[in-house]
Structure formats: structure tokens, C-alpha cells
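*Asks:* Numbering (our numbering), first residue to last: 8 to 129. Backbone N, C-alpha and C define an ideal beta-carbon position, used for all residues, glycine too. Just so we're clear, the structure is a prediction, and the values are computed from it rather than from any experiment.
Here is the structure:
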């Protein structure tokens, strides 16, 4: 960092840097649209319910050109390994999408981030 100069300013100093990358957008095409599949309260894992496990997680999944979820990973945990695992298992098994398309109309994979909240409702 540069040495502080003389003057009547606030005397602050800093050194910032950063790098940007390519986004995960589809460049003028259409995003994938959920056609069917959901997670409901009936899906609450008994072990998680027994221990009153609740929480919100963020999942990252890849939607293939066939509209199926190819990969699911928890990027921010709910705090419960059981809830995290069940969420991805259900997303892969149940969710079906109309695939994303690029600007030329070709089907393309898309990465989607979503939050899922698990709450025990009595």
C-alpha cells in the first residue's frame, strides 16, 4: 500500500483489487422453466422431525438439455446433513424443467441456485 500523504483529508488509505469472470447466463436465450416437481411438508425426514431440525439451505443444480436435474449440491447448509441430503435427492428425482435455450433456440444446460426452507409445522 502507498504511504499516507500529508494533508487535511481523512487520512485513509487502501489497496483494492479484483477480477471478474464470465457469467453463467445464456446470452439472449430463455431460462429453464419448472414444469413439475416440488418438495412438501410430507417429505420431512422422520429423523429430522424427531430432532426438530429446521433450516434454510441454498442448492446449486445443473439442468440438462433434457430438462432433468443432472447435479445438485448444497452451497449453504441448513445446519442439518439430513435435510441437505434429502433436498438434493428430491430435486434430482422430482424436478423437471422446460430446458433453457440459447439465442439460436438450441437447448443448453443451465445452472440454477435456489433456497429451500424446511420448517416443522404442527
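Tell me which residue opens and which closes the alpha helix (DSSP H) that residue 78 is part of.
*Replies:* The count along the chain shown starts at 1 and reaches residue 78 at position 71. No alpha helix (DSSP H) holds residue 78; the beta strand (DSSP E) holding it covers 76-83.
*Asks:* Which two residues bound the contiguous beta strand (DSSP E) that contains residue 70?
*Replies:* By one-based count along the chain shown, residue 70 stands at place 63. Counting along the chain, the beta strand (DSSP E) containing residue 70 begins and ends at 62-70.
*Asks:* Return the residue from the list 116, 118 and 63 that minimises the CA-CA distance to residue 126.
*Replies:* Looking up residue 126 in the chain shown gives position 119. Residue 126 has its Cα closest to that of 63, out of 116, 118 and 63.
*Asks:* Where residue 86 and residue 76 are concerned, what is the direct C-alpha to C-alpha distance, given to the nearest angstrom?
*Replies:* For the purposes of this step, residue 86 is identified with residue 79 of the chain shown, where counting begins at 1. For the purposes of this step, residue 76 is identified with residue 69 of the chain shown, where counting begins at 1. About 23 Å.
*Asks:* Using three-state DSSP, classify residue 110 as helix, strand or coil.
*Replies:* Within the chain shown, residue 110 is the residue found at index 103, counting from 1. The answer is coil: DSSP assigns residue 110 none of H, G, I, E or B.
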